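Engineer: The structure under discussion is supplied below as structure tokens; questions concerning it will follow.
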Amino acid sequence: MKRVLFLALVTAVLGIGTGGAQTKKARPEMIPAPLGSPSAPGFAAHPSPYNFPNVQYPRIESDSRVTFRFRAPDAKRVQVSIVNVPFDMVKGDDGVWTYTSAPQAPGYHNYWMIVDGAIVLDPGTQAFIGYGHMCNGFEVPEPGVDWYDLKNVPHGNVLIKNYFAKSTNSWRKVYVYTPPGYETNTKARYPVLYLQHGGGEDQRVWIEMGRTNVILDNMIAEGKAKPFIVVMETSAVGAPGAAGRGAAAPSAAPAAPGAGRGPGMPGIGGPGGGPYGQFMVKELIPWVDANFRTLAGREHRAMAGLSMGGMQTAAVTMANLDKFAYIGLFSGGAAIPRRAPGQTTPPEPAPLDLKTIYNGQMANPAEFNKRVKVFFFSCGSEEYPDALRKHQEQLIAAGITNSYLYISPGTAHEWQTWRRSLYSFSSLLFK
953 MKRVLFLALV TAVLGIGTGG AQTKKARPEM IPAPLGSPSA PGFAAHPSPY
1003 NFPNVQYPRI ESDSRVTFRF RAPDAKRVQV SIVNVPFDMV KGDDGVWTYT
1053 SAPQAPGYHN YWMIVDGAIV LDPGTQAFIG YGHMCNGFEV PEPGVDWYDL
1103 KNVPHGNVLI KNYFAKSTNS WRKVYVYTPP GYETNTKARY PVLYLQHGGG
1153 EDQRVWIEMG RTNVILDNMI AEGKAKPFIV VMETSAVGAP GAAGRGAAAP
1203 SAAPAAPGAG RGPGMPGIGG PGGGPYGQFM VKELIPWVDA NFRTLAGREH
1253 RAMAGLSMGG MQTAAVTMAN LDKFAYIGLF SGGAAIPRRA PGQTTPPEPA
1303 PLDLKTIYNG QMANPAEFNK RVKVFFFSCG SEEYPDALRK HQEQLIAAGI
1353 TNSYLYISPG TAHEWQTWRR SLYSFSSLLF K
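Residue numbering for the sequence shown follows my numbering, starting at 953 and increasing by one per position.
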């Protein structure tokens, strides 16, 4: 009897069982994006999935090479630029130029034609945006991988909405993903991820190239992600080259300072996270919360972005930690070492100065751990993985316990890296 009482007392003091220290929420477990397997069945040669009906080229060969054909009988020189690297095509007697590439990595890749020095789209396949202009794209399968393929699971919706922003005096377009069940379960409210594109892109790319809706539908169906809303806006605060187009809404206000930048690299950093950070807090987030069934507290709000969008995410969130609890930097962030012109290998990373980096928000690790639920950063293994590994080691040594590092195997600064990053980051959200 005395032994039973003693054990009961120890259990009560140490909090063993259902109470005490055991009530502390466990650190969420990241689920890395599944990878292909060398033993998985290969694929047969096939036209690009983005081709129009009955158009055979571009053609994805069974060894991952890609064959292009382009009719330009009067051209002197035709090249195909694959991910911004031009390759000469060969002209046939029929006036059709052809080129077969080296094996391409799995995933989506941009391309376009260069005809006598001018950028020209391939007319038989869909157009996308990248590198600051319209382009085409092709997709190389990854054998054994289907988490970004359409499946017979419940699907959410992608909405394209227009709204008037008073601070920019312009109509803006936003893409919004709502998860499966949003339309039928009308009493449910959802957390929100604000997802940013990279430089030279806009709000459409995370759907068209990133396949965000397909990835999340599959993850939710498998229980690997919580249902949440995704908001995709353009990072450029100003309208294209001028004031807003179309009829002005009532009580339109003058454009905010810093507005008016066209496509490309918008201002990043500054008070409130820069012009876009101020725009998000004053315009975008209130509009989303007013027009969708959101959970509006900071603990239900995340932001992430790729490349330039990652840098922008860092600037906005670190200046507004009262608005965000989850942060994802995909191939982008203030701590990334930059290569000098002509440098082929990344420079040796400098140690992080936690007192100054990210507006000094990491200077007090205990406070940062308390405010930020997940601080996620990633890159491809062909980018700067050693730098990020060293930074992760430094964060852990400093006592920051909410940081997660993901390195995408075998990929560079490309969409396969960012799809995998989105998958891995999403597995951590709102848990």
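Ideal Cβ placement from N, Cα and C applies to all residues, glycine included.
Keep in mind the model is a prediction, meaning the values are calculated, not measured.
Just verifying my parser: in three-state terms, what is the DSSP assignment at K1342?
Structural biologist: For the purposes of this step, residue 1342 is taken as the residue at position 390 of the sequence shown. K1342: helix per DSSP, three-state reduction.
Engineer: Quick check: A985 and S1376, are their CB atoms within less than 7 Å of each other?
Structural biologist: Within the sequence shown, residue 985 is the residue found at index 33, counting from 1. Within the sequence shown, residue 1376 is the residue found at index 424, counting from 1. Yes; because the gap between Cβ atoms is below 7 Å, this pair is in contact.
Engineer: Since F1328 and P1143 are thought to touch, with beta carbons under 8 Å apart, how far apart are those beta carbons, to the nearest angstrom?
Structural biologist: Start at 1 with the first residue of the sequence shown, and residue 1328 comes out as number 376. Start at 1 with the first residue of the sequence shown, and residue 1143 comes out as number 191. At roughly 15 Å, the Cβ-Cβ gap does not stay under 8 Å, so F1328 and P1143 are not in contact.
Engineer: Using a threshold of 7 Å, state whether the C-beta atoms of M1171 and W1367 are closer than that.
Structural biologist: Here the question's residue 1171 lines up with position 219 in the sequence shown. Here the question's residue 1367 lines up with position 415 in the sequence shown. No, the Cβ-Cβ distance between M1171 and W1367 is not below 7 Å.
Engineer: Out of curiosity, what's the CA-to-CA distance linking A1057 and E1094?
Structural biologist: The sequence position of residue 1057 within the sequence shown is 105, counting from 1. The sequence position of residue 1094 within the sequence shown is 142, counting from 1. Their backbone Cα atoms lie some 8 Å apart in a straight line.
Engineer: Can you tell me whether L1374 is helix, strand or coil according to DSSP?
Structural biologist: Position 422 of the sequence shown holds residue 1374. If DSSP states are grouped into helix, strand and coil, L1374 belongs with the helices.
Engineer: Where does G1312 fall in DSSP's three states?
Structural biologist: Your numbering for residue 1312 matches position 360 in the sequence shown. G1312 falls in the helix class under three-state DSSP.
Engineer: Under DSSP, the beta strand (DSSP E) around Y1278 begins and ends at which residues?
Structural biologist: Along the sequence shown, read from residue 1 onward, the residue named residue 1278 stands at position 326. Here the beta strand (DSSP E) through Y1278 covers Y1278 to F1282.
Engineer: For M1007, tell me which candidate among S1014, E1013, R979 and H998 has the shortest Cα-Cα distance.
Structural biologist: Walking along the sequence shown from the start, residue 1007 turns up at place 55. Reading off the sequence, residue 1007 comes out as Val, not Met. Among S1014, E1013, R979 and H998, the Cα nearest to that of V1007 belongs to H998.
Engineer: Output yes or no for whether 7 Å exceeds the beta carbon distance between K1028 and D1068.
Structural biologist: The residue you call residue 1028 lines up with position 76 of the sequence shown. The residue you call residue 1068 lines up with position 116 of the sequence shown. Their beta carbons are under 7 Å apart, which means K1028 touches D1068 by this criterion.
Engineer: Use the C-beta contact count for V1030: other C-beta atoms within 10 angstroms, 16 or more gives buried, fewer gives exposed.
Structural biologist: Mapped onto the sequence shown, residue 1030 falls at position 78. Label assigned to V1030: buried.
Engineer: Which residues mark the beginning and the end of the alpha helix (DSSP H) in which G1261 is found?
Structural biologist: Here residue 1261 refers to the residue found at position 309 when the sequence shown is read from its first residue. Taken as a continuous stretch (DSSP letters only), the alpha helix (DSSP H) holding G1261 covers M1260 to A1271.
Engineer: According to the neighbour-count rule (16 or more other Cβ atoms, all chains shown, within 10 Å of its Cβ), is V1268 buried or exposed?
Structural biologist: Residue mapping note: residue 1268 aligns to position 316 of the sequence shown, counting from 1. So V1268 counts as buried.
Engineer: I'd like the span of the beta strand (DSSP E) that includes T1363, first residue to last.
Structural biologist: Working through the sequence shown from its first residue, we reach residue 1363 at position 411. Neither: T1363 is in no beta strand (DSSP E) and is coded neither H nor E.
Engineer: How is L1236 classed by DSSP in three states: helix, strand or coil?
Structural biologist: As a working mapping, residue 1236 is identified with position 284 in the sequence shown. If DSSP states are grouped into helix, strand and coil, L1236 belongs with the helices.
Engineer: Rounded to a whole number of angstroms, what is the C-alpha to C-alpha distance between D1074 and G1152?
Structural biologist: Here residue 1074 refers to the residue found at position 122 of the sequence shown. Here residue 1152 refers to the residue found at position 200 of the sequence shown. Taking the straight line joining both Cα atoms gives about 20 Å.
Engineer: Pop quiz: T1050 and R1021 are said to be a contact at Cβ under 8 Å. What is the actual Cβ separation, rounded to whole angstroms?
Structural biologist: Sequence index remark: in the sequence shown, residue 1050 carries index 98 (1-based). Sequence index remark: in the sequence shown, residue 1021 carries index 69 (1-based). Contact holds; Cβ gap of about 5 Å.
Engineer: Between S1283, P1131, L1145 and I983, which lies nearest to A1173 when the distance is taken from Cα to Cα?
Structural biologist: Locating residue 1173 in the sequence shown gives position 221, where the first residue counts as 1. Among S1283, P1131, L1145 and I983, the Cα nearest to that of A1173 is on P1131.
Engineer: Going by Cα to Cα distance, which pick from G1084, R1017, G1257 and G1351 is closest to F1282?
Structural biologist: In the sequence shown, the residue the question calls residue 1282 occupies position 330. The option with the nearest alpha carbon to F1282 is G1257.
Engineer: DSSP on T1120, reduced to helix/strand/coil?
Structural biologist: Within the sequence shown, residue 1120 is the residue found at index 168, counting from 1. Of the three classes helix, strand and coil, the one that applies to T1120 here is coil, per DSSP.
Engineer: Suppose contacts are defined by Cβ-Cβ distances below 7 Å. Is G1261 in contact with H1149 by that definition?
Structural biologist: Taking the first residue of the sequence shown as 1, we reach residue 1261 at position 309. Taking the first residue of the sequence shown as 1, we reach residue 1149 at position 197. Cβ distance < 7 Å, so G1261 and H1149 count as in contact.
Engineer: So what does R1011 bridge to, in DSSP terms?
Structural biologist: To locate residue 1011, count along the sequence shown from 1; it is residue 59. Beta-bridge pairing links R1011 to P999 and T1019.
Engineer: Excluding sequence positions up to five away, which residues of its chain have a Cβ less than 6 Å from the Cβ of R1197?
Structural biologist: Taking the first residue of the sequence shown as 1, we reach residue 1197 at position 245. For R1197, the pLDDT reaches just 41, beneath the cut-off of 50, and the residue's location in the model is therefore unreliable, leaving the point undetermined.
Engineer: What is the residue span of the beta strand (DSSP E) that Y1146 lies within?
Structural biologist: Translated into positions along the sequence shown, residue 1146 becomes position 194. Per DSSP, Y1146 belongs to the beta strand (DSSP E) from V1144 to Q1148.
Engineer: With a threshold of 8 Å on Cβ separation, who are the neighbours of A1177 within its own chain once the five nearest residues in sequence on each side are excluded?
Structural biologist: Locating residue 1177 in the sequence shown gives position 225, where the first residue counts as 1. Taken in chain order, the residues that qualify are L1168, M1171, S1378, S1379 and L1381.
Engineer: Could you give the C-beta distance for L1273 and V1324, rounded to a whole number, given that I count them as a contact under 8 Å?
Structural biologist: Here residue 1273 refers to the residue found at position 321 of the sequence shown. Here residue 1324 refers to the residue found at position 372 of the sequence shown. Confirmed, about 7 Å.
Engineer: Are the Cβ atoms of E1185 and L1145 separated by less than 7 Å?
Structural biologist: By one-based count along the sequence shown, residue 1185 stands at place 233. By one-based count along the sequence shown, residue 1145 stands at place 193. Contact flag unset, no.
Engineer: Reducing DSSP to helix, strand and coil, say where D1241 ends up.
Structural biologist: In the sequence shown, residue 1241 corresponds to position 289, counting from 1. Correct three-state label for D1241: helix.
Engineer: Note down the Cα distance separating P991 from S1014, rounded to an integer number of angstroms.
Structural biologist: The sequence position of residue 991 within the sequence shown is 39, counting from 1. The sequence position of residue 1014 within the sequence shown is 62, counting from 1. Position check: residue 991 holds Ser in this sequence, whereas Pro was assumed. Rounded to whole angstroms, the separation of the alpha carbons of S1014 and S991 is 15 Å.
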